[in-house]
Amino acid sequence: MSVRILLEVHQFLWGLEANAQQRLAWKDAAEARLARDKAEAQAAAQLQAMLDANPSGQLGHGKINDEQRLKDAGLL
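Residues in the sequence shown are numbered consecutively from 4, following this note's numbering.
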């Protein structure tokens with residue numbers, strides 16, 4: 004009888020640990036979704052900045068310190 008009780012206690016404690024691990028996994032997944040959303044927003048902003056700097060997409064023809072672009076961006 005005592006072995007059966009020990010097994011039931013062990014299974015109960017194992018179930019509690021499994022639930023705790025599941026909650027940690029859900030928390031990690033939520034943090035990963037937030038990090039992915041932030042990274043996607045950053046990438047979109049970087050892409051937009053690159054397109055604003057050179058709308059033709061031909062980076063080989065870009066100019067450093069292009070006064071018109073700097074004025075358009077409000078930096079001058």
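Ideal Cβ placement from N, Cα and C applies to all residues, glycine included. Since the structure is predicted, the reported quantities are computational estimates derived from the model, not experimental observations.
The C-alpha of L78 is placed about 21 angstroms away from the C-alpha of A47. For N22, the enclosing alpha helix (DSSP H) stretches over residues S5 to A56. A44 and A32 have their C-alpha atoms spaced approximately 18 angstroms apart.
For W29 and G18, the gap between their C-alpha atoms comes out near 17 angstroms.
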